[in-house]
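Chains as they are written, first to last, in this note's numbering: chain Z, 1 to 307; chain V, 1 to 307. Think of the CB as a built atom: it goes at the ideal place given N, C-alpha and C, for glycine as much as any other residue. Remember, it's a predicted structure, so these values are computed and weren't measured experimentally. As structure tokens, the structure follows; a few thoughts come after it.
There are 2 protein chains.
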Amino acid sequence: MDNFADRLTAAMLGKRSQLCVGLDPRVSGMPATLVKKHRAGVQEGGGSGRQAVAACFEEFCYEIIEAVSPHAAAVKIQLACFEPYGPPGMRAFQHVCDLASEAGLIVIADAKRGDIAISAQAYSAAYLGRAEGLNGPVRPLRVDAMTVNPLFGTDGVAPFLEDCRRFGKGIFVLVKTSNPGSVEFQDLHVQGDGLFYEQVAARVDSWGEGLAGESGYSSVGAVIGATQPDILASLRETLPRAVFLVPGAGAQGAGAAEAAAAFDKKGLGALITASRSIIYAGGGGKFAARAAEAARRMQQELWSSTH
Amino acid sequence: MDNFADRLTAAMLGKRSQLCVGLDPRVSGMPATLVKKHRAGVQEGGGSGRQAVAACFEEFCYEIIEAVSPHAAAVKIQLACFEPYGPPGMRAFQHVCDLASEAGLIVIADAKRGDIAISAQAYSAAYLGRAEGLNGPVRPLRVDAMTVNPLFGTDGVAPFLEDCRRFGKGIFVLVKTSNPGSVEFQDLHVQGDGLFYEQVAARVDSWGEGLAGESGYSSVGAVIGATQPDILASLRETLPRAVFLVPGAGAQGAGAAEAAAAFDKKGLGALITASRSIIYAGGGGKFAARAAEAARRMQQELWSSTH
């Protein structure tokens, strides 16, 4: 199946799940057992401070992935959590992508990249495409889709669209984010034409035109926060072919009821993302079992409220 | 000197330079001699395709830095060029930051990051602050400032401001980019209140309030493309304390005359960035000498037209 939206839809139907687990590992959230183990590694001279964190995050994410993979259709891996740890951090990111992909999960790199065309092309090559090496292309990452910041306009997004087309990948464009400050710029009234984010939404619709699959959905999706259900509902109308990636459920305050507006009548077309409420569900050394339970509960709550 | 804008202003006065050289290494731009050398490394089994590119970029940037450091106040290192090469790419990025810093250049990470607060905090820790390790903070990068995407609003920018304050760092917020597509969203008319980018500019001004140095400039600067001189001039009026980072000179079409509007009456307050016109000035094996000459010419053209 070559189209990203079709692959995602099949994964959702196969698992009866609209859940996307956000992998946002942070030192402050690591279980004490893992911290102790990897801290000992540093003290014995087994690596730098960055390597210890990277190894700790990798082990943590491995356990979470194994635990949640029966219940989630996708994982969204937050680059911001890995980037501060330099090369070891990026190696851990890559291994987590590999494992999630092997576990049968759709892998979304939450990168929120955006730049002028020539640099956007490089970012797209990094996650979706093939970066040029000295002897042909270098090995690509095992990533199905990434998040993209639209501020540069169509020419900044075009390189990502091109790689979606060539390699069966997807993007989720930031339309309306889940944070309180999103109102400042995204909700500005545009003269005679609605709100700023509605203008972005209109572009997302046109960017997705040539990339629709058999599912009716396009490989060009939209990030829309769950924290404003009325906005979700109205954008569901105006963006009929965009898959929504909906953060803000769980720790950010929204539940299955708020997120319901993101789905079409068949209960498809949206991935609801929860990060902290699942990966930091507690349990100390039994964190993976707790994460599995939190993921299972959320998957069932979402599916049963829409089917 | 603890304030980033003061440090930058001193560097500009010390070198009589408003030039920022953009380090955007790409495989297609590498001199044949370097490609041959590093390709041989791969064929002899000395590393992966990614390592070969990273080593090639590193050597290229080292030579460029040595060549341009007498003429440039700063370098802007494009993350998009390094990220596709994974951990070796990020290691090369780090080494290039180290060398530029040792060469006395102000180092700007062109990252264009932006996210909700908790993730913005992680991006800020990666480039400006101190990321948490398992035994205290990990080693920071030698970066003076980074570029930031403002789409998330004040709560998404606040973590970067906090690290500017704590660590004497700077940010350049995307206000009006140099690409043709920047008109699509950035130039939208906001009801009763000018254009979208003017709203962003107003926030940049208020974000910079507490971060002004003795130079009169703030550690919160603005990215404004050189391709529209009238916009540069009008924003120079409304953003009196923001240092402008002005891309689009050289290969993107603007010259010293177009960029002149970015400066204050003393010829300060702006860094003009040129990438391709300097680092790819040609010369084959003598690329560094050509880059030095292109940088020297641009530095003199800029300085003499404003002093």
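C-alpha distance - residue i paired with residue j, whole-angstrom precision
i	j	result
Ala111/Z	Ala125/V	16 angstroms
Val157/V	Ala201/V	13 angstroms
Gly248/Z	Ala103/Z	25 angstroms
Gly225/V	Glu59/Z	44 angstroms
Gly192/Z	Asp230/V	25 angstroms
Ala242/Z	Ser304/Z	22 angstroms
Ala10/V	Phe244/V	16 angstroms
Arg142/V	Pro25/V	19 angstroms
Ser119/Z	Gly284/Z	42 angstroms
Asp205/V	Leu239/V	6 angstroms
Val175/V	Ala233/V	14 angstroms
Trp207/Z	Ala40/V	42 angstroms
Gln228/V	Ala274/V	16 angstroms
Leu34/V	Val138/Z	18 angstroms
Leu302/Z	Asp163/V	39 angstroms
Phe160/V	Phe196/Z	24 angstroms
Leu134/Z	Glu83/V	16 angstroms
Val148/Z	Asp98/Z	21 angstroms
Ile181/Z	Val173/V	Inspection of the sequence shows that residue 181/Z is occupied by Gly rather than by Ile. Approximately 16 angstroms between the Cα atoms of the pair.
Gln18/Z	Ile171/Z	17 angstroms
Gln199/V	Val183/Z	13 angstroms
Gly14/V	Asp144/V	17 angstroms
Phe165/V	Asp2/V	With the sequence shown as reference, residue 165/V is identified as Arg, and Phe is not the correct amino acid for it. One C-alpha to the other measures close to 9 angstroms.
Ile77/V	Val246/V	14 angstroms
Glu237/V	Ala131/V	37 angstroms
Ala256/Z	Leu235/Z	18 angstroms
Val21/V	Arg297/V	13 angstroms
Leu128/Z	Arg16/V	43 angstroms
Ser48/V	Lys36/V	15 angstroms
Gly136/V	Gly213/V	30 angstroms
Lys169/V	Met12/Z	45 angstroms
Gly269/V	Gly194/V	24 angstroms
Arg203/V	Arg203/Z	25 angstroms
Ala32/Z	Val42/V	42 angstroms
Asn179/Z	Asn179/V	28 angstroms
Ala292/Z	Ala292/V	58 angstroms
Neighbourhood of residue i by C-beta distance below 8 angstroms, restricted to the same chain and skipping five residues each side
i	result
Ala288/Z	Glu63, Ile64, Glu66, Ala67
Arg53/Z	Looking at the sequence shown, residue 53/Z is not Arg but Val. Val27, His38, Tyr85, Pro88, Gly89, listed in sequence order.
Gly282/Z	Arg290
Lys265/Z	none
Bridge-paired residues (DSSP) for residue i
i	result
Arg113/Z	Val148/Z
Gln78/V	Asp110/V
Cys20/V	Ala74/V, Thr273/V
Ser218/V	Ala212/V, Ala242/V
Leu195/V	His189/V
Gly134/Z	Position check: residue 134/Z holds Leu in this sequence, whereas Gly was assumed. In DSSP, Leu134/Z forms a bridge with Gly136/Z.
Ile224/V	Lys176/V
Ile171/Z	Met146/Z, Val220/Z
Contacting residues, own chain, Cβ-Cβ under 6 angstroms from residue i (five flanking each side not counted)
i	result
Thr306/V	Phe263, Gly267
Pro140/V	Arg130
Arg310/V	Because residue 310/V is not part of the residues shown, which for chain V are 1 to 307, the question remains open.
Cβ shell of residue i (< 7 angstroms), same chain only, five flanking positions each side left out
i	result
Ser215/Z	Ala5, Asp6, Thr9
Met30/V	Cys56, Phe60
Ala260/Z	Ser305, Thr306
Ile116/Z	Phe152, Gly156
Ser69/Z	Ala103, Gly104, Leu105
Val312/Z	Absent from the structure is residue 312/Z, since the part of chain Z shown begins at 1 and ends at 307.
Glu258/Z	Ala226, Pro229
Gln94/Z	Leu141
Supposed contact pair residue j and residue i - C-beta distance, whole angstroms, cut 8 angstroms
i	j	result
Thr154/V	Val223/V	Not really, about 18 angstroms apart at Cβ, beyond 8 angstroms.
Ile108/V	Met146/V	7 angstroms
Gln299/V	Ala72/V	7 angstroms
Ala74/Z	Leu271/Z	6 angstroms
Gly114/V	Phe152/V	5 angstroms
Leu79/Z	Ile279/Z	Their Cβ separation, rounded to whole angstroms, is 16 angstroms, which puts Leu79/Z and Ile279/Z out of contact at 8 angstroms.
Cys81/Z	Ala122/V	6 angstroms
Pro150/Z	Phe167/V	About 31 angstroms; that fails the 8 angstroms criterion.
**Asked** Does the count of Cβ pairs from the region 88 to 107 of chain Z and the region 216 to 228 of chain V closer than 8 angstroms reach three?
**Response** By the Cβ test, the region 88 to 107 of chain Z is not in contact with the region 216 to 228 of chain V, since fewer than three Cβ pairs between them sit closer than 8 angstroms.
**Prompt:** Just checking, does the region 181 to 192 of chain V make contact with the region 185 to 199 of chain Z on the three C-beta pairs under 8 angstroms criterion?
**Reply:** yes
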